[in-house]
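So the structure is just underneath, and the comments pick up after that.
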Amino acid sequence: MNRRLVLPGLVLAALALAACSTTTGGTANPAPSSPQDSASSADGGGGNGAPKVSSPLDPGKLKSDPCSVLSPAQRSTLGLEDGTPRSTNAGTSCAWVYQGDETRSSRIDIAADPNTDGLAGIYDLYAKGGKDQYEYWEPTDVSGYPAVYAATKDFRAQGQCKLLVGVTDTQAVQVFTQIGNGPGATDPCPYAQKAAEAMIQTLKEG
């Protein structure tokens, strides 16, 4: 396969959906799938239309060993190097850089969102004035799990995308991508989708 991207340090504070910044030059050329634009149906998952998680997953790995949520085979398919764990006041995340990216600028980060209300808490924030703060808010689903692309600043044209996925009604997962060069530099969200799909498969397998 072609080279793919990886995102390092993703832990964004619980509800800080803004992705900061500048991109630099690595090249990531995975074969991403297109993100879905429509949301899972809102079944009253807990607040302001947040979809309910019908088949909850055990989020234990996300908290104890986030780098284990992408298996060696999945990393190879996605074109990622081994993950690097990162700790912040918000919790622990894992960052994976895309193979062959000499600038180390193309990466994926995955972390358990510290908000204990899951997607419901994020939808709550959006409903309480967030509509005027979020530059993008696009409900979707990932392998049948409710999700939303959301950030207070829209840097997708600069290679950044933030995806939040509900794995239980009280636990969401942040998947953040930063693509330096290549097709993903202006369309990074499919890369976040691919990583999230792989993560869900790992959690399903236990």
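Residue numbering for the sequence shown is -18 to -1, 1 to 188, as defined by mature numbering (1 follows the signal peptide of the UniProt record, and there is no 0). Even glycine gets a Cβ: it sits at the ideal position worked out from N, Cα and C.
- Restricted to the region 81 to 122, the alpha helix (DSSP H) segments that are unbroken, complete and at least 4 residues in length are 100 to 109, listed in chain order.
- L146 carries a strand assignment under DSSP once its states are collapsed to helix, strand and coil.
- Taken through DSSP and simplified to helix, strand or coil, V51 comes out as helix.
- Around the Cβ of G164, a 10 Å sphere holds 16 or more other Cβ atoms; the residue is buried.
- If you ignore the 5 residues before and after Q115, its C-beta comes within less than 8 Å of the C-beta of T134, all in its own chain and listed in chain order.
- Around the beta carbon of D83, 16 or more other beta carbons lie within 10 angstroms, which makes this residue buried.
- In the displayed model, T152 falls within coil according to three-state DSSP, outside both helix and strand.
- It is roughly 39 Å from the alpha-carbon of P54 to the alpha-carbon of A109.
- The criterion of a C-beta distance shorter than 9 Å is not satisfied by V124 and L44.
- Between the region 57 to 71 and the region 128 to 143 there are fewer than three inter-stretch CB-CB distances shorter than 8 Å, so the stretches are not counted as touching.
- Taking C-alpha positions only, Q142 is separated from T184 by approximately 24 Å.
- Judged by their CB atoms, K144 and A174 are nearer to each other than the 9 Å cut-off.
- Each residue's CA atom was taken as its position, placing P41 and A94 some 8 Å apart.
- G100 counts as buried, since no fewer than 16 other beta carbons sit within 10 angstroms of its beta carbon.
- Distance from I90 to T159 at the Cβ level is roughly 5 Å; contact confirmed, criterion being Cβ atoms closer than 8 Å.
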